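Just add 72 to wherever you are in the sequence shown, counting from 1, and you've got the numbering used here. For each residue, glycine too, the CB sits at the ideal point set by N, CA and C. All figures in this text were calculated on a predicted structure; none of them were measured in a lab.
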Amino acid sequence: MLKACLNGGRRRDEHPAVPLTPAELAADAVRCASAGAAAVHVHPRDDAGAESLDPAVIAAAVTAVRAARPGLPVGVSTGAWIVPDPAERVAAVRAWTVLPDFASVNVHESGAADVAAALHERGVMVEAGIWTREAVDAWRRWPTPTGRILVECMAERVGRALADAAAILAALPGGGPPVLLHGEGPATWAVFGEAVRRGLHTRIGLEDTLLLPDGAPAPDNTALVATARSLYSR
């Protein structure tokens, strides 16, 4: 599976094609799905442009994407930088009126297990975001079922990112949930290639990189997805 990560915490001044509003996210999701993305991951924004877990904000983004491209799985982030207090993150999830298909939870963050449990209670598939080898042990202690593991290589140096990927993947139990491997920044395409080599799910989009593999600026998310699909086919 190739997932498109449409915006993350990116601002419009970082790239003019970063989608922010529900309508922009929906239009971008349609284009990326047509280019080969099997799912989209979005960070909904409030009227001020800030990332939000507010029920109305989540509902607007998810509903817009589903209306524009029925059947396309759409997921959101529950990162602690959006709502720092763990209890407030749990309360936000329990207040959602429109549920995404999946939501990522960073295992190393305070209250992650409780957020995952709240998502599972609501029927939202949990993606466990694992950034470090140590986070694997924390994830193993979760009582909540995990639908997918995100091995997220955050190091900018390619060698370090690939080493982190190898260490985390080696620590994961065999026969566990499906794994999606991805990197960010300068290591994005190298980690993408490693995911393809290993036959793992992966993702691409402006959240992770603003550049094409040759270092040229990416025009938009569609170009990133199309490029990723072409690399898959090779």
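{"Check": "Beta-carbon gap between ARG220 and PRO250 smaller than 8 Å", "Outcome": "yes"}
{"Check": "Buried versus exposed, by CB contacts within 10 Å (16 or more), VAL134", "Outcome": "buried"}
{"Check": "Straight-line gap, ASP186 to GLY201 (C-alpha atoms, nearest Å)", "Outcome": "14 Å"}
{"Check": "Cβ pair count under 8 Å reaching 3, the segment 98-114 against the segment 263-272", "Outcome": "no"}
{"Check": "Beta-bridge partners of PHE174, as assigned by DSSP", "Outcome": "GLY147, MET197"}
{"Check": "Beta carbon proximity, THR216 to chain C, threshold 8 Å", "Outcome": "As a matter of chain content, chain C is missing from the structure shown, which is built from one protein chain."}
{"Check": "Length of the line joining the Cα atoms of ALA122 and ALA140", "Outcome": "23 Å"}
{"Check": "Spatial neighbours of GLU256 in its chain, beta-carbon cut-off 6 Å, leaving aside the 5 residues before and after", "Outcome": "MET226, ASP280"}
{"Check": "Whole-number beta carbon distance between HIS87 and LEU282, since they are thought to touch under 8 Å", "Outcome": "5 Å"}
{"Check": "C-beta contact flag for ARG298 and LEU284 at 8 Å", "Outcome": "It should be noted that the sequence gives Ala, not Arg, for residue 298. Contact flag unset, no."}
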